[in-house]
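Enquirer: This is the structure I want to talk about, given as structure tokens.
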Amino acid sequence: MVTINAMGDTCPIPVIKTQNAIKALTKAEEVEVLVDNEVAVQNLTKLAGSLGCEVKSEKKAEKEYRVVITVTEDKLQGQADEKKEETAEAACVPDARDNTVVVISSDRMGEGEEELGKVLIKGYIYALTQLETLPKTILFYNKGAYLTCEGSASLEDLKSLEAQGVEIFTCGTCLNYYGLSEKLQVGSITNMYVIADTMAKANKVVKP
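Put into structure tokens, the structure is as follows:
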């Protein structure tokens with residue numbers, strides 16, 4: 000049995016840890032995941048369902064849950080076949096990015112509580128690092144500029160994306176307005192013309 004301790008991990012980290020563990024399996028195995036909230040249990044149950052795997056869960060104590068996903072040989076074979084197809088596709092498609100542009104205009108995600116919004120945007124940026132097809136560009140403007148600057152909790156993930164070829168641009172006017180011009184830590188400064196042009200030429204624009 001493979002055990003994953005995801006206690007204290009925020010969404011989507013438990014799901015991503017589990018996905019990676021399942022992908023790494025070389026034989027039929029049970030994957031045990033320990034989490035501390037019911038939402039994580041539901042997300043892991045959905046993951047197992049999407050993979051066609053049997054799943055069981057139990058509440059062991061307050062804020063302590065155990066999820067066991069059974070990965071059979073036929074599911075592993077399905078994974079192996081998918082990897083072969085991906086390898087063949089990769090030979091024809093040299094870039095793991097498509098022309099998707101992500102635009103981030105705030106240091107939080109959604110409306111409501113500020114603290115929750117900041118947790119969500121951090122989780123979203125981390126999730127981007129785990130996508131099989133990365134966005135081509137991420138644009139930061141208005142208070143989103145804080146996320147590319149000193150003190151941001153997302154710097155490590157953004158640097159990882161940049162290292163994989165994702166363009167990261169932050170609005171220069173916004174940096175100046177918030178007094179962040181000397182604190183930029185990842186990507187480069189851009190202007191509103193480039194932002195408008197990049198969005199206009201994108202196949203898809205995503206705004207979390």
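In numbering that gives the first Met the number 0, the protein residues as written are 0 to 207. Ideal Cβ positions, reconstructed from N, Cα and C, are used throughout, including at glycine.
Would you mind reading off the limits of the alpha helix (DSSP H) that contains Asn-175?
Expert: Working through the sequence shown from its first residue, we reach residue 175 at position 176. From DSSP, the alpha helix (DSSP H) with Asn-175 extends over 171 to 176.
Enquirer: Closest by CA to Ile-15, which one among Glu-29, Ala-199, Ala-39, Val-204?
Expert: As a position in the sequence shown, residue 15 is number 16, starting the count at 1. Ranking Glu-29, Ala-199, Ala-39, Val-204 by Cα distance to Ile-15 puts Ala-39 first.
Enquirer: Output needed for Asn-202: all residues of its chain with C-beta closer than 8 Å, excluding positions within five of it in sequence on either side, in chain order.
Expert: Position 203 of the sequence shown holds residue 202. Within the same chain, Asn-202 has close Cβ partners Asp-97, Asn-98, Thr-99.
Enquirer: Measure the beta-carbon distance from Val-32 to Ala-5 and round it to whole angstroms, keeping in mind my assumption that it falls under 8 Å.
Expert: Numbered from 1 along the sequence shown, position 33 holds the residue referred to as residue 32. Numbered from 1 along the sequence shown, position 6 holds the residue referred to as residue 5. Between Ala-5 and Val-32 the Cβ distance is about 6 Å, and since that is below 8 Å, they are a contact.
Enquirer: Spatial neighbours of Thr-69 within its chain, please: C-beta separation below 7 Å, excluding the five flanking residues on both sides.
Expert: Here residue 69 is taken as the residue at index 70 of the sequence shown, counted from 1. Closer than 7 Å at Cβ, skipping near neighbours: Glu-29, Cys-52, Glu-53.
Enquirer: Closer than 8 Å by C-beta to Val-193: which residues in its own chain qualify, once you throw out the five before and the five after it? Chain order, please.
Expert: As a working note, residue 193 is residue 194 in the sequence shown. Closer than 8 Å at the Cβ level, and outside the excluded window around Val-193, lie Phe-168.
Enquirer: Tell me, please, which residues DSSP counts as bridged to Tyr-140.
Expert: On the sequence shown, residue 140 is found 141 positions in, with the first residue counted as 1. None; Tyr-140 has no bridge partner.
Enquirer: Report all residues from its chain with a CB closer than 7 Å to the CB of Ala-27; omit the five preceding and five following residues, and keep chain order.
Expert: On the sequence shown, residue 27 is found 28 positions in, with the first residue counted as 1. So the list reads Val-70, Thr-71, Glu-72, Leu-75, once near-sequence residues are dropped.
Enquirer: Going by Cα to Cα distance, which pick from Thr-128, Arg-107, Leu-50, Val-204 is closest to Leu-119?
Expert: The residue given as residue 119 occupies position 120 in the sequence shown. The shortest Cα separation from Leu-119 among Thr-128, Arg-107, Leu-50, Val-204 belongs to Arg-107.
Enquirer: Let me check one thing: in DSSP terms, what residues is Val-34 bridge-paired to?
Expert: What you label residue 34 is simply residue 35 of the sequence shown in a count that begins at 1. DSSP output for Val-34 lists Tyr-64 as bridge partner(s).
Enquirer: Which residues in the same chain have their Cβ closer than 7 Å to the Cβ of Glu-113, if we skip the five residues on either side of it in sequence?
Expert: Translated into the one-based positions of the sequence shown, residue 113 becomes position 114. Contacts found: Arg-107.
Enquirer: In this structure, does DSSP put Ser-180 in helix, strand or coil?
Expert: Residue numbering aside, residue 180 sits at position 181 when the sequence shown is read from its first letter. Of the three classes helix, strand and coil, the one that applies to Ser-180 here is coil, per DSSP.
Enquirer: Which residues mark the beginning and the end of the alpha helix (DSSP H) in which Lys-121 is found?
Expert: By one-based count along the sequence shown, residue 121 stands at place 122. 113 to 129 is the span of the alpha helix (DSSP H), which, as asked, contains Lys-121.
Enquirer: Which residues share a DSSP beta bridge with Lys-58?
Expert: Sequence index remark: in the sequence shown, residue 58 carries index 59 (1-based). Answer is Tyr-64.
Enquirer: Look up Val-40 in the DSSP assignment and say whether it is helix, strand or coil.
Expert: If you number the sequence shown from 1, residue 40 lands on position 41. Helix.
Enquirer: Under three-state DSSP, which class holds Thr-99?
Expert: On the sequence shown, position 100 is the one that residue 99 refers to. Looking at Thr-99 - three-state DSSP - the assignment turns out to be strand.
Enquirer: Give the single residue among Glu-61, Ala-47, Lys-62 whose Cα lies nearest to the Cα of Lys-55.
Expert: As a working note, residue 55 is residue 56 in the sequence shown. If we check each option's Cα against that of Lys-55, Ala-47 comes out closest.
Enquirer: Exposed or buried, what is Thr-2 when buried is set at 16 or more other beta-carbons lying within 10 Å of its beta-carbon?
Expert: Your numbering for residue 2 matches position 3 in the sequence shown. So Thr-2 counts as exposed.
Enquirer: In its own chain, which residues sit with a C-beta less than 8 Å from the C-beta of Thr-44, not counting the 5 before and 5 after it?
Expert: Reading the sequence shown from its first residue, position 45 is the one you call residue 44. For Thr-44, where only same-chain residues beyond five positions count, the Cβ hits under 8 Å are Val-54, Ser-56, Val-66.
Enquirer: Can you tell me which of the three DSSP states Ile-188 falls into?
Expert: Counting from one through the sequence shown, the residue named residue 188 turns up at place 189. Strand, per DSSP.
Enquirer: Are Ser-105 and Lys-142 closer than 8 Å when you measure CB to CB?
Expert: The count along the sequence shown starts at 1 and reaches residue 105 at position 106. The count along the sequence shown starts at 1 and reaches residue 142 at position 143. Result yes, Cβ atoms of Ser-105 and Lys-142 sit closer than 8 Å.
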